Every structure is written in structure tokens, then in C-alpha cells.
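>
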Amino acid sequence: MLSQQPLYVEAQTSKNPTDLLCPSLNPNLSSHTRLAQLTLPICPLLLCSTMATGYDYDDATAVNYDDQGGPQRQDLGYDPNFVPDSVKSFVVHLYRHIREKNVYEIHQMYETSFQTLSERLFKETPWPSVDAVAHYVDNDHVFCLLYREMWFRHLYARLSPTLKQRIDSWDNYCSLFQVVLHGVVNMQLPNQWLWDMVDEFVYQFQSFCQYRAKMKNKTEQEIALLRQHDQAWNVYGVLNFLQALVEKSMIIQILEHEKQGLEQFTATDGYDYNGGSNVLKVLGYFSMVGLLRVHCLLGDYHTGLKCLLPIDISQQGVYTSVIGSHITTIYHYGFANLMLRRYVDAIREFNKILLYIYKTKQYHQKSPQYEQILKKNEQMYALLAICLSLCPQVKLVEETVNSQLREKYGEKMIRMQRYDDEAFAIYDELFSYACPKFITPSAPSFEEPLINYNQDAYRLQLKLFLYEVKQQQLLSGVRTFLKVYSTISLAKLANYMEVDEPTLRTILMTYKHKTHAVDSEGKIISNADVDFYIDDDMIHVIESKPLKRYGDYFLRQIVKLEGVINDMDRIKLE
Amino acid sequence: MGRERETQNPQQQQVSFTVEQLVAVNPYNPDILPDLENYVNEQISSQKYSLDANLCLLRLYQFEPERMSTQIVARILVKALMAMPAPDFSLCLFLIPERVQMEEKFKTLMVLSHYLETGRFRQFWDEAAKSRNIVEAVPGFEQAIQSYAIHLLSLTYQKVPRSVLAEAINIEGLSLDKFLEQQMTNCGWKIEQGHGKGQFIVLPSNEFNHPQLKKNTADGIPLEHITRIFPILG
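Chains A and B supply the protein sequences, listed in that same order. Going left to right, the first sequence walks through residues 1 to 574 as the numbering used here numbers them. Going left to right, the second sequence walks through residues 1 to 234 as the numbering used here numbers them.
#1: A/LEU508 to B/ASN209, Cα distance in whole Å?
#2: So, does the CB of B/LYS178 fall closer than 8 Å to a CB anywhere in chain A?
#3: Using a threshold of 7 Å, is the CB atom of A/VAL133 nearer than that to any non-hydrogen atom of the ligand NAP?
#4: Is A/MET509 close to chain B, meaning its C-beta is less than 8 Å from at least one C-beta of that chain?
#5: Just to confirm, is the Cβ distance from B/PRO134 to B/LEU109 under 8 Å?
#6: Under DSSP, the alpha helix (DSSP H) around A/ILE492 begins and ends at which residues?
#7: Which residues mark the beginning and the end of the alpha helix (DSSP H) in which B/PRO34 is found?
#8: Please state if the CB of A/VAL282 and the CB of A/GLY270 are separated by a distance shorter than 8 Å.
#9: Tell me where the alpha helix (DSSP H) around A/PHE431 begins and ends.
#10: I need the straight-line Cα distance from B/ARG132 to A/LEU555, nearest angstrom please.
#11: Tell me the rounded alpha-carbon separation between A/LYS470 and A/VAL401.
#12: Enumerate in chain order the residues of its own chain whose CB-to-CB distance from A/PHE465 is below 6 Å, with the five nearest sequence positions on each side excluded.
#13: Does chain A have any CB closer than 8 Å to the CB of B/LYS107?
#14: Taking a cut of 7 Å between CB atoms, which residues from the region 76-95 of chain B lie near chain A?
#15: With a cut-off of 8 Å on the beta carbons, I'd call B/GLU98 and A/ASP456 a contact; round off their distance for me.
#16: Along the region 485-507 of chain A, what residues have a CB closer than 7 Å to any CB found in chain B?
#17: Assuming A/ASP537 and A/ALA491 make a contact with CB atoms under 8 Å, what is their CB distance in whole Å?
#18: Looking at A/TYR236: is its Cβ nearer than 8 Å to the Cβ of B/PRO30?
#19: When the Cα atoms are used, what is the spatial distance from A/PHE177 to A/PHE152?
#20: Checking contacts by CB at 8 Å: is B/ASN209 closer than that to chain A?
#21: Under 7 Å between beta-carbons, which chain D residues line up against B/LYS190? List them in chain order, please.
#22: Determine the contact status of B/ALA83 and B/LEU55, defining contact as a CB-CB distance below 8 Å.
#23: Nearest to A/TYR110 by CA position, among A/GLN210, A/LYS512, A/VAL91 and A/VAL559, is which residue?
#24: Exposed or buried, what is A/GLU349 when buried is set at 16 or more other beta-carbons lying within 10 Å of its beta-carbon?
#25: With a threshold of 8 Å, are at least 3 pairs of Cβ atoms found where one atom belongs to the region 106-125 of chain A and the other to the region 141-148 of chain A?
#26: From A/PRO71 to A/GLN115, what distance separates their C-alpha atoms?
#27: Check the DSSP bridge columns for A/GLN188 and list the partner residues they point to.
#28: Using a Cβ-Cβ cut-off of 8 Å, state whether A/LEU308 counts as contacting chain B.
#29: Which bits of chain B does A/ARG459 rub up against, with CB to CB less than 8 Å?
#30: Classify B/LYS159: buried if its beta carbon has 16 or more other beta carbons within 10 angstroms, exposed otherwise.
#31: Contact between the region 503-523 of chain A and the region 118-128 of chain B is defined here as three or more beta-carbon pairs at a separation below 8 Å; is this criterion met?
#32: My output table needs one value for A/MET197: the three-state DSSP class, helix, strand or coil.
#33: Under 8 Å by Cβ, that's how I've got B/TYR157 and A/TYR485 pegged, so tell me the actual separation to the nearest angstrom.
#34: Alpha carbons only, please: which of A/ARG479, A/ASP428 and A/VAL394 is nearest the one belonging to A/LYS463?
#35: Per the DSSP calculation, A/PRO502 is bridged to which residue(s)?
#36: Can you say whether B/ILE139 is buried or exposed, counting buried as having 16 or more other CB atoms within 10 angstroms of its CB?
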């Protein structure tokens, strides 16, 4: 039997939450009957039985449906009030699993059924409106918010949202987050879903900023709506929601406690096995990644990395439990470090994740995020090519990743070493391809002649990046010479580089400055693959030796040996 | 609108807040903009520096460009120059709209930054002399750039010719003698007579100009990793 608890307990207002949703179920009967004639090949029972086998819908049935219903359905258009039996069954079961806190089944339905149904029934139309499904789920306020969140996500992915829909989606996120922040939510949701919420929230914010910045062809009506709803997707609102989730969830303290062994979070992948809810905690956790991303979109790399600091990215964590979160975290971490000139940090993490994607790609082929994974994979190779061109620490890159990189960008990377106009064009090309979709967060001025400003933020970041590349343009020349000498006099090197001695001294100092980054604690970190010092007028070259990590090796071997000894102890000699 | 701030970080329960704490608790609150602007001026008058507070202010300007004071932005950028070798100047530029960066005073600051980034100290000091109005308004500017120059020289040289040092820190003749004397007593500098080519200054050794001093960081193992084998050791 179902427990009769609602999905959350309102903490602040006494208003009955279901009052907020009075489903005006007034189905247009004629269209309803007409649609009913399309005998859908899925009955609720089938949904149940396929659910057990992971919703592996029969391809033949799908084709069958398309043959019968495809053309007719198009004639009928989209009726938001029509709920096919399969959708009814979907919401009923999803609601039940959520109430029973059956994370496994929720995950199956969320990841597989929702995609399958979308693919089959809602390829070019939205899902049925929330009002139409509400009465199948006891008009549960929270469930309806979750349903709408998915509804909008599906709409954004497959159709193009209108301004009104963008605003409505914002309102839905506000309601959803308010419930999580101020109520006591009684749910356990899969990490994948919670990540998708944060990810989609930030994506829709980015999408809204891009949309709003294209002022040129806005209708008067749209402009009026934009003015009227100036709080929708407001940058303060977005940042403060993410920040509030981080603070209210106490996630920073939880992670701190975990380090001292006082609490478990990572070990249980963020789930609560003591009957509590994981929603606020995990949303708070992912919001740190969300903040990193928003700050990168704004060009505030320092603050972005600061937001991520509570998560130790040198270790596995909840952020690695969802592939999308793992990739987003490392992509933005790496990009921010690239912009901060901490190339070695960027290279190291790009290398790790690219290797990971290479090895695990096949398992995600059926995932709805697969295309996104491949795209970010390509972008990170481009960023890695940039990092290695500015800081040729090839030793940090694993062989598989390196050969992939050579295949994709080998030829371009050789040309990038040349530092002529063509090289700059390649830096420009790779940066533009791989950078985040920068945004201008402020509202447009509605008065002036309407202009598009959606490219402004991107152009500024690109310009400043190329400026940096230009400052480093002579360094690859120095590097080439340093590599072949153990000592060389200033005069001789100046001669080779066709510059005078004072100029050479400035180039060498530039080399030192650009290869020595300042880390987050203000310490100087060398990123140089080849280093040198000057004594009198001789340059002494220092080859960097690869660091061998014996400590970890010994630790692993000790654990292994202990295992072997234990095994041997168990064997009784006759 | 999610702007509520009823809970504060437990570490920060003092009665009066410093501006840094204000920023930590309200990173996205437009109401603290005037406090942050005052704090920029305070950083200049009392020779303090807070990158986080300044980035927070630039962020608020980015969100509400109509509230931006270009004078304050220019001051932030001068302070960021003084934070070299840290990349603060670029970090600030990333947040300043391009049309603002086109203004003359910002162009000058960008040229100054370019010279510092590329180790061209002579050009830097020449240019700085031409824009006294910008840099002289900030106490400690010269000293800050001088210590950046010395930092860069110490990364590069074991022994640096006196003339190269003089050019980098823009001090010559008797003043330089006095400066060297101070550095000899306070920072362990030494003077060596070169073979007919004038003086050399021996800079203190560090891991960058004396590679043998480089500590092998890989040798250390964090305690967390050791704890894994505690049960075995016990």
C-alpha cells in the first residue's frame, strides 16, 4: 500500500499545497474521442510488464504505431489536454515509485521510459499539460512541479520555446526550488535527475540571455513581455538560487565533516539510507558545479573555481557519479584554469577525463546525453590542443589521449607553433569552437535603436585570450633553442633569435613569467617543460625530470600484500 | 526571489562585518555595491588589497552597467597591476565591457600591463612617467612594481648585471646604492665585481634560479592516504 504522506511538508505557509494546482480538466470531448480512435498499442499493463525489463520497447510496435497514427495525429495537431494511456500509466507509476522512494525504478522510468515515450509520442509536440495529468497523481503539488520541469526540458530539447514558455519555466523553477529550500521534501531522487535539474536551470538561463540579446527582430509584444517580466531569469535570481541551495543544504560542512570521518556523503553517492531525503543535499552539491558554470559564462573564472573548491576533483566524488556532471565540472574547471594561465592543471584534468570518456564512451551510446558527451569530448580536445601549444607538457598526456589528439589536431598544433597570422587564426578557431557560450547578464536598453549584443561577451573573451597568445608569441622560439643546449651564452642566443641582447633578456623574463603561474594560495608554480637560469651571461638549461610517485605505489602494494597474506592465512595446510 | 540571507556562515557570527565577510555572505547582493566602492578607495588609502571584493564589485557593475563608475574601475585595475605576478589584471578585464575598455585611461593601463607581462620594464617606466595622474594617485604603486620586477629577476638570474637591475626597478646612481645596501642587510643580496663589466648583484637562491633547491613534492604523502593502511599497520 502507498503511504499517504505528501511528497513534502510545507514548512512556512499553511496554505494547502494542492490548492496551487486546481486542474481545470475540461477535455475537449470531440477531439478526445477522435484521438481515442487511434488505438494506441500500449496498454497500462504492457507498460507495467515492460517496466520490469527496463522498458525495452519492441521496435516493431513503434513502427506499427507510426504507420497507423502518424499522419492522422499530425492533422489533429497538439491537444495539451489529451493524455494517452501510456502517459497516464507513466505518471501514475512514476508518482508511486517516488512515494515509495524506489530510486532504482524512478531512475529507470526517468532515464528510459521518459525518453522512449518522448521519442514515440512527442517527437514534435510537447507532453500533455500538467493540468491534464494532475488528477492521476492526486494533484500532488511537488509531483506536478517535477512533471513541469521535465515538460519544459523536453520542450527546450525538441522544439523552440516561446518567450512566454521561457518565463513559465522560470516560474516553475522558482516554485520547485522554493519548495526544496523552505519545505521538508520527502523524496529520494536519482542523482541523474537532480543533476539534470541544475544543469537545465543554468542552460535555460544561458539560453534566455542569448535570446534576449538578439534585440533586432523582437516584436513589440515580446518587448512588452520582457519589460513586464524583468525578474524572469534575472542573473541575481539565478545566482542566489544556486547559492541558497549550497548554503541551505550545508553541503560544504557535510563535505568537511566527511573528511574528518564524521559523516557519509560520497560513500553513499549522496543518497540517504536512513529514510531521509537526498534532494536538498545533492541539489546543493550540484549547485556548486552550477555556480562554476555560471561564473565561467560571465567570464569570472577566479570566482567560479572558488565555488568549486569544496569538491576535491583529484578524487572520485558524487560529481563523477553522473557522466554529465563529471564532464561539465572538468570542462569548466579546465577552461577556467586555461584562462588563468594554469595550463598544467588544465592539461592534467583534461587528460584524465578524455581518457575516461575514451574508455567508457560505449556505455553511454544509448543515453540521451550521448551527443552532448561527444561534443564536449571534441571541445576538450580542442582546449587541450590550445593548452599544449602554449605549454608543451606532453609528458602529462596519456598515450591514448595523445594519439587521439594528434589525429584530430596534430597538424594544426604544428602550425600553432609558428606564431604567424595563420597560427592566430587557428587559436581563434579552436577557442571559438571550444569556449563556453558566454553571456551578457544585464538587460538590454529597450529605448535605443534595438541592437543585437549576443556576441559581445564572446568577442571580449576571445580578444583577451588572443592578446595573451600574442604576448607569448616568442616563447616557442626560445623553447626550441633551450631544448638543444645545456648552456648557451646570451650573445649567441640573441644572435640565433635575431634580436639584440636587451630584447632577449625581456623575452627570457617573459618566458619565466608566463611559465610560472600563481596558484590559488598565491604560491608560484612552475609550468615549464624546459627551464633555465642565467648566471653572469650564460644561460643554464634545466631539463624537467618526470616526477615519480613512489608513495602511492608503495601504499597500493602494502594493501595488496596484506590481501595476499590474509588469503594465505586462510589456507589450511593438511 | 531567492535573495534571502537569513542564515549566515557559522564562522562569521561577529557583530560587525568586514567588507571581505560581507562579500563572503552576500556575493550576489546589489545592495553592497556602495560598500564595495568605498572599500576600493580604502584599499588605496591604506594600501590593502582584496581581489575577491573587487571582482565582486566588477560583477555587480556587469549586472547593472548603469551603476558603473569608470573611475572606480580604473582604480581597481591599478591595484590589480600592483598584484603582479598574479593574473588579477586579466581577471578584471574579463569582466569589463569592451566599450568601456576603449576609453583612453583604460588603454593606457592595458599598455602598462602589456609591458609588465612581457618583462619590458624600461618601456613600462617611461609610459608610467607619462601617465602620472593615474599611477601617482595610488600609494605604494612604484614599490609594488619594483617588487614584481625583483620577483621576476630572481626567477631568472642567479647574478644580474647592475644595469639590468637598475632598468627594471627604475632606480639609479646613489639611490640604487642605498637601495642595494638595504637589500643586502634585509634580503641577503650580495654585490660582486664582474671582470671589467661593472657590478653584478647576486640574488638570493630559490628553487627557480637554483634547480637543486627544488623540493621533490612527490615525496610527500598526504595523511589521508596513509590512513588507508592504518588497519594493516595496527
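Built from N, CA and C at the ideal position, the CB exists for glycine as well. Owing to the predicted nature of the structure, the values given are computational and were not obtained by experimental measurement.
Walking through what the data contain:
#1: Translated into the one-based positions of the first sequence, residue 508 of chain A becomes position 508. Translated into the one-based positions of the second sequence, residue 209 of chain B becomes position 209. About 13 Å.
#2: Counting from 1 along the second sequence, the entry for residue 178 of chain B is found at position 178. Chain A contact via Cβ: absent.
#3: Absence of the ligand NAP is noted for the structure shown, with no ligands found whatsoever.
#4: On the first sequence, position 509 is the one that residue 509 of chain A refers to. Yes - at least one Cβ of chain B is within 8 Å of the one on A/MET509.
#5: Here residue 134 of chain B refers to the residue found at position 134 when the second sequence is read from its first residue. Here residue 109 of chain B refers to the residue found at position 109 when the second sequence is read from its first residue. In the sequence under discussion, the amino acid at residue 134 of chain B is Ile, which differs from the Pro named in the question. Yes, the pair counts as a contact, with Cβ atoms nearer than the cut-off.
#6: Within the first sequence, numbered from 1, the residue matching residue 492 of chain A stands at position 492. A small fix is needed here, since residue 492 of chain A is Lys in this sequence, not Ile. Its alpha helix (DSSP H) spans residues 490-497.
#7: One-based indexing of the second sequence puts residue 34 of chain B at position 34. Run containing B/PRO34: 33-45, per the alpha helix (DSSP H) assignment.
#8: By 1-based counting over the first sequence, the position of residue 270 of chain A is 270. By 1-based counting over the first sequence, the position of residue 282 of chain A is 282. Contact: yes.
#9: Working through the first sequence from its first residue, we reach residue 431 of chain A at position 431. Start and end: 421-434.
#10: Within the second sequence, numbered from 1, the residue matching residue 132 of chain B stands at position 132. Within the first sequence, numbered from 1, the residue matching residue 555 of chain A stands at position 555. Taking the Cα positions, B/ARG132 is about 59 Å away from A/LEU555.
#11: Residue numbering aside, residue 470 of chain A sits at position 470 when the first sequence is read from its first letter. Residue numbering aside, residue 401 of chain A sits at position 401 when the first sequence is read from its first letter. Distance between the alpha carbons of A/LYS470 and A/VAL401 is about 27 Å.
#12: To locate residue 465 of chain A, count along the first sequence from 1; it is residue 465. Short of 6 Å from the beta carbon of A/PHE465, and not among the five residues preceding or following it, lie these beta carbons of its own chain, in chain order: PHE431.
#13: On the second sequence, position 107 is the one that residue 107 of chain B refers to. Not an interface residue.
#14: PRO85, ALA86, PRO87, SER90, LEU91, LEU93, PHE94 and LEU95
#15: Residue mapping note: residue 98 of chain B aligns to position 98 of the second sequence, counting from 1. Residue mapping note: residue 456 of chain A aligns to position 456 of the first sequence, counting from 1. The pair is a contact, with the Cβ atoms about 7 Å apart (cut-off 8 Å).
#16: ARG505 and THR506
#17: To locate residue 537 of chain A, count along the first sequence from 1; it is residue 537. To locate residue 491 of chain A, count along the first sequence from 1; it is residue 491. With 8 Å as the limit, A/ASP537 and A/ALA491 qualify as a contact, their Cβ atoms being about 7 Å apart.
#18: The count along the first sequence starts at 1 and reaches residue 236 of chain A at position 236. The count along the second sequence starts at 1 and reaches residue 30 of chain B at position 30. With contacts defined as CB atoms closer than 8 Å, A/TYR236 and B/PRO30 qualify as a contacting pair.
#19: The count along the first sequence starts at 1 and reaches residue 177 of chain A at position 177. The count along the first sequence starts at 1 and reaches residue 152 of chain A at position 152. Approximately 15 Å between the Cα atoms of the pair.
#20: Your numbering for residue 209 of chain B matches position 209 in the second sequence. It does; some Cβ of chain A falls within 8 Å.
#21: No chain D appears in this structure, whose protein chains are A and B.
#22: Locating residue 83 of chain B in the second sequence gives position 83, counting from the first residue. Locating residue 55 of chain B in the second sequence gives position 55, counting from the first residue. No, the pair does not count as a contact, with Cβ atoms beyond the cut-off.
#23: As a position in the first sequence, residue 110 of chain A is number 110, starting the count at 1. Nearest option by C-alpha distance: A/VAL91.
#24: Sequence index remark: in the first sequence, residue 349 of chain A carries index 349 (1-based). Result: buried.
#25: Taking 8 Å as the limit for Cβ pairs, the verdict is that the region 141-148 of chain A does not touch the region 106-125 of chain A.
#26: Here residue 71 of chain A corresponds to residue number 71 of the first sequence, with the count starting at 1. Here residue 115 of chain A corresponds to residue number 115 of the first sequence, with the count starting at 1. Any reading at A/PRO71 needs caution, since the residue's pLDDT is 38, under 50, leaving its predicted position unreliable; the model's value is listed next. A/PRO71 and A/GLN115: Cα-Cα distance of roughly 22 Å.
#27: Here residue 188 of chain A is taken as the residue at index 188 of the first sequence, counted from 1. According to DSSP, A/GLN188 bridges with nothing at all.
#28: Position 308 of the first sequence holds residue 308 of chain A. Not closer than 8 Å to any Cβ of chain B, the Cβ of A/LEU308 fails to qualify, so no.
#29: Looking up residue 459 of chain A in the first sequence gives position 459. By Cβ distance, chain B contributes GLU98.
#30: Here residue 159 of chain B corresponds to residue number 159 of the second sequence, with the count starting at 1. Label assigned to B/LYS159: buried.
#31: Yes: at least three Cβ pairs fall under 8 Å.
#32: As a working note, residue 197 of chain A is residue 197 in the first sequence. Three-state DSSP puts A/MET197 in a helix.
#33: Here residue 157 of chain B refers to the residue found at position 157 of the second sequence. Here residue 485 of chain A refers to the residue found at position 485 of the first sequence. So it is not a contact: roughly 18 Å between Cβ atoms.
#34: Along the first sequence, one-based indexing puts residue 463 of chain A at 463. Of the listed residues, the one whose Cα sits closest to A/LYS463 is A/ASP428.
#35: Position 502 of the first sequence, counted from the first residue, corresponds to residue 502 of chain A. None, per the DSSP bridge assignment.
#36: Against the second sequence, residue 139 of chain B aligns to sequence position 139. The amino acid at residue 139 of chain B is misidentified as Ile; the sequence shows Pro. Answer is exposed; the Cβ neighbour count stays below 16.
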